[in-house]
Structures are given as C-alpha cells and as structure tokens.
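**Student:** Residue numbers (the working numbering): 1 to 132.
Here a beta-carbon is modelled for each residue, glycine too, at the ideal position from N, C-alpha and C.
Just passing along the structure, written as structure tokens.
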C-alpha cells in the first residue's frame, strides 16, 4: 500500500496510489506528472539530459542545503530518502537524481503506481513473501 509521497509536507501522489517493490530496479520510478511535481518542490531545478532523459539536479543546490527529504508513506512506515540518498554521481555542476519518471502503466489503470527499487531496498529491511 502507498498512502502518499511527500516533499516538504506536500503530497505529490494522486488520490489513488500504489507501490511495487522491485529488486530488479535501481531507482524509484513514478508516474510522470507526479515525479515532475516532486522534482519541482524538492527545492531546485531538475533538468533532463536530452540524449537519454537522465535527470540531473544542479550541485549548487545540494551544496547550499536547499534540497528536501522525500517521504514515502506506506501506511505502516514512513520511508525517508534524504538528498544524500537520492542524489549520486555528483560533479562540480550536477548530481544524478534517483527518482525518475516511468512511462509504463504498472498495476491498475485507475491507480498511480510507484516502483520502489534499490534506492529504498538498500535503506530499509525489505521482506518478500511469495505466499501472500
């Protein structure tokens, strides 16, 4: 279950959200409109590299401490991703941001589905229960 995805207290998730935990996915993937909103309120401009749509955030924002935590509320737990967790491969100018758009409609069409990959799994104990 997924109740909401918040940045700086603002929910970016639509009315009906769901999540899939995927050990084969490296990042956190979300519906395009919701991820763009998340990027907007993180606190810094996110630009996409045009050749392969890789999102980057300007390193100056990271250095100035302007970026906010992202909280994924599963109903049972709040999974908090700090900028140090969702940013990587930082150079003098840019950092790669590990929360990106997916173009697929996973799950039910009436729900907005987030895919929680290694970015979450590496931070929190995750149990897969095949019987459920």
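Less than 7 Å between C-beta atoms, sequence neighbours within five positions excluded: which residues of the same chain meet that for residue 45?
**Tutor:** If we look at residue 45 and ignore the five residues flanking it on each side, its Cβ neighbours are 58.
**Student:** Measure the beta-carbon distance from residue 8 to residue 77 and round it to whole angstroms, keeping in mind my assumption that it falls under 8 Å.
**Tutor:** Not confirmed; about 19 Å, so no contact.
**Student:** Kindly give me the distance between the Cβ atoms of residue 87 and residue 20, rounded to whole angstroms, as I take these residues to be in contact under 8 Å.
**Tutor:** With 8 Å as the limit, residue 87 and residue 20 do not qualify as a contact, their Cβ atoms being about 23 Å apart.
**Student:** Please name the residue in 129, 81 and 114 whose C-alpha comes closest to that of residue 123.
**Tutor:** If we check each option's Cα against that of residue 123, 81 comes out closest.
**Student:** Do you know offhand how far residue 34's Cα is from residue 131's?
**Tutor:** So the alpha carbons of these two residues sit roughly 32 Å apart.
**Student:** Tell me whether residue 129 sits in a helix, a strand or coil according to DSSP, three-state version.
**Tutor:** Here residue 129 sits in coil by DSSP.
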